[in-house]
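UniProt numbering puts the sequence shown at residues 1 to 407. A short worksheet on the structure shown next.
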Amino acid sequence: MRILIVTTGSRGDVAPFTGLGRRLVDAGHRVAVVAHPTFAALLESCGLEHWPLPGDPEELIRARARATSPEEIRALMTAFVDGLADGVADAVAGGADLLLTAFAPSPLSLTAGDAYGVPVLGTYLTPAFATTEFPLPGPAGGADLGPEGNLAAGQDRLRGADRMFSSAVDRMRERLSLPGRTSPEPLGHTRPVVHGYSPVLLPRPADWPAPVDVAGFWWPARPLGWQPPGDLVDFLQAGPAPVFIGFGSMAPGEGERLGELVTAAVRQAGVRAVVQAGWAGLEAAGDGVFCVGDVPHDWLFPRTAAVVHHAGAGTTGAALRAGVPAVPVPVMADQPFWAARLHRLGVAPQPVPFADLTAERLAAAITAALAEPVRRRAAAVAGLMAGEDGAGAVLAHVARIAEAPGR
Numbered sequence: 001m002r003i004l005i006v007t008t009g010s011r012g013d014v015a016p017f018t019g020l021g022r023r024l025v026d027a028g029h030r031v032a033v034v035a036h037p038t039f040a041a042l043l044e045s046c047g048l049e050h051w052p053l054p055g056d057p058e059e060l061i062r063a064r065a066r067a068t069s070p071e072e073i074r075a076l077m078t079a080f081v082d083g084l085a086d087g088v089a090d091a092v093a094g095g096a097d098l099l100l101t102a103f104a105p106s107p108l109s110l111t112a113g114d115a116y117g118v119p120v121l122g123t124y125l126t127p128a129f130a131t132t133e134f135p136l137p138g139p140a141g142g143a144d145l146g147p148e149g150n151l152a153a154g155q156d157r158l159r160g161a162d163r164m165f166s167s168a169v170d171r172m173r174e175r176l177s178l179p180g181r182t183s184p185e186p187l188g189h190t191r192p193v194v195h196g197y198s199p200v201l202l203p204r205p206a207d208w209p210a211p212v213d214v215a216g217f218w219w220p221a222r223p224l225g226w227q228p229p230g231d232l233v234d235f236l237q238a239g240p241a242p243v244f245i246g247f248g249s250m251a252p253g254e255g256e257r258l259g260e261l262v263t264a265a266v267r268q269a270g271v272r273a274v275v276q277a278g279w280a281g282l283e284a285a286g287d288g289v290f291c292v293g294d295v296p297h298d299w300l301f302p303r304t305a306a307v308v309h310h311a312g313a314g315t316t317g318a319a320l321r322a323g324v325p326a327v328p329v330p331v332m333a334d335q336p337f338w339a340a341r342l343h344r345l346g347v348a349p350q351p352v353p354f355a356d357l358t359a360e361r362l363a364a365a366i367t368a369a370l371a372e373p374v375r376r377r378a379a380a381v382a383g384l385m386a387g388e389d390g391a392g393a394v395l396a397h398v399a400r401i402a403e404a405p406g407r
């Protein structure tokens, strides 16, 4: 089948789909990932086709930080979402037998699937159905509000997501000559959704709709032919396992400030460190510090003593898989939620919100993460996750769709 994977956002919203895409290719499907142009090299290096999706998520983050009013932020988001709608419509018009969609663009994927008669399978990286068991990722950060409060908070989050895309969906339906103004029924009610995170980290709620599953993480693919840099290998072998420090796609433009903070924290904690630049352009200095660009987490993290990260879903999973403690420094979106889950699971100390980050607090959190009880718990959780095959669950759904009557 010709399969399109539709996703939007930062690198953490794209990288997990490289591994899922490779599994689909290996199963005989032709796969293209519909994502922003900044990820073209990543996708192509993993042997996947890329269909460009308008918009630059890094610039959007910068523009939101510069915005001086809620009206300006709304205008930025409206223009961004309108571009996504055009990109999704163009991609599906090019031909597809099946759409796999992340949660954020799912209203657009469903509308395009409706217009072109293409089935849609939800492939979500974060929980996206209201439940009494926890509030959905958002400002509450995963704090239990009680059954009624959790459900209400989740429903409010979903209504907000609907509002963000409603005008773009209306324009899209008009462009594609779909009758009426009613959007298609969201995924999960009668059509399946697979969540790509581990049930060890967050078990499936009992009150979710039957077609909604939690299957396990989709691990990013390594670029074809990738080999570790020799100087990085030498650094890792020259002393005790270092602490990894990186904030992924967060804090663009704050590299100098963060570099000074990280340098001081590493010195205070008395550890070696591998520091990843990310979108912040983070660099640190000093003895026992090595700065890197993109390095596959599945190779690097098992060689570290702990992972300091922004608690995005993908990096959260990679640290859990490696069996090393985490130091979560959440910035926004779903990150406070995952940071709270890591602490509750016993594999991380109390999260340090990015807005409150200081060298002293980071050094103290690193020291706490390296304590023996946290290290033992991290290794135990990795063992519990070892048998999961999240991508395999998606492939099983794809096989059923391919065998359905009329396909």
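All C-beta atoms in this analysis are idealised placements derived from N, C-alpha and C, irrespective of residue type, glycine included.
At the level of alpha carbons, what is the spacing between residue i and residue j?
i           : j      : result
Ala305      : Ala380 : 15 Å
Gly188      : Leu53  : 25 Å
Pro105      : Ser166 : 11 Å
Pro373      : Pro242 : 19 Å
Ala382      : Ala143 : 24 Å
Ala402      : Met1   : 8 Å
Pro209      : His195 : 13 Å
Leu300      : Glu71  : 42 Å
Glu136      : Ala91  : Checking the sequence shown, residue 136 turns out to be Leu, not Glu. Rounded to the nearest angstrom, the two C-alpha atoms are 30 Å apart.
residue 484 : Ala79  : Here the chain covers residues 1 to 407 and nothing more, so residue 484 does not appear.
Thr8        : Ala85  : 11 Å
Glu185      : Ala128 : 15 Å
Val295      : Ser177 : 45 Å
Arg344      : Ala206 : 20 Å
Val118      : Ala112 : 8 Å
Trp218      : Ser69  : 38 Å
Ala393      : Asp213 : 9 Å
Ala399      : Val193 : 15 Å
Gln115      : Leu320 : Reading off the sequence shown, one finds Ala at residue 115, where the question assumed Gln. If you take the alpha carbons of Ala115 and Leu320, they lie about 40 Å apart.
Val289      : Leu232 : 11 Å
Asp170      : Gly87  : 15 Å
Arg159      : Arg64  : 22 Å
Val347      : Gly312 : 15 Å
Leu151      : Val327 : 29 Å
Pro228      : Ala238 : 15 Å
Pro107      : Glu174 : 14 Å
Asp234      : Ala273 : 13 Å
Val324      : Arg23  : 26 Å
Thr38       : His50  : 11 Å
Ala387      : Pro336 : At residue 387 the sequence reads Gly, which differs from the Ala that was named. Going by the C-alpha atoms only, they are around 27 Å apart.
Ala340      : Pro179 : 44 Å
Ile73       : Ala333 : 15 Å
Thr358      : Ala96  : 49 Å
Ala378      : Ala93  : 46 Å
Ala168      : Ala89  : 11 Å
Pro211      : Arg191 : 6 Å
Can you name, in chain order, every residue of its own chain whose Cβ lies under 6 Å from the Cβ of residue i, other than the five neighbours on each side?
i      : result
Asp302 : What sits at residue 302 in the sequence shown is Pro, not Asp. Within the same chain, Pro302 has close Cβ partners Ala322.
Gln276 : Gly246, Val292
Val352 : Val329, Arg361, Ala365
Ala363 : Ala265, Gln268, Ala269
Glu133 : Pro205
Pro147 : Thr132
Pro349 : Ala365, Ala368, Ala369
Gly314 : Gly12, Ala15, Pro16
Gly138 : Arg157
Gly317 : Phe217
Ala40  : His50
Using C-beta distances below 7 Å, list every residue in its chain close to residue i, excluding the 5 sequence neighbours before and after it, in chain order.
i      : result
Thr101 : Val6, Ser109, Val120, Gly122, Thr123
Met164 : Met77, Val81
Trp226 : Pro296
Ala130 : Leu136, Leu151, Gly154, Gln155, Leu158
Which one or two residues does DSSP pair with residue i in a beta bridge?
i      : result
Gly392 : Gly392 is not bridged to any residue.
Trp51  : Val34
Asp213 : Val194
Ala274 : A small fix is needed here, since residue 274 is Val in this sequence, not Ala. Paired residue(s): Phe244, Phe290.
Pro328 : His309
Arg2   : Arg30
Using C-beta distances below 8 Å, list every residue in its chain close to residue i, excluding the 5 sequence neighbours before and after it, in chain order.
i     : result
Thr18 : Val33, Leu42, Leu43, Cys46, Leu48, Pro220, Ala221
Val25 : Val31, Gly47, Leu48
Three CB pairs or more closer than 8 Å across the region 46–57 and the region 9–22 = Proximity of the region 46–57 to the region 9–22 meets the contact definition, three or more beta-carbon pairs being nearer than 8 Å.
At a cut of 8 Å, does the region 197–207 reach the region 353–371 through at least three beta carbon pairs?
-> Taking a contact to require three or more Cβ pairs closer than 8 Å, the region 197–207 and the region 353–371 do not qualify as touching.
Could you pull out every unbroken alpha helix (DSSP H) segment of at least 4 residues lying fully inside the region 60–136, listed in chain order?
-> As summarised for the region 60–136, the continuous alpha helix (DSSP H) elements at least 4 residues long and confined to that stretch are 70–93, 106–116, given in chain order.
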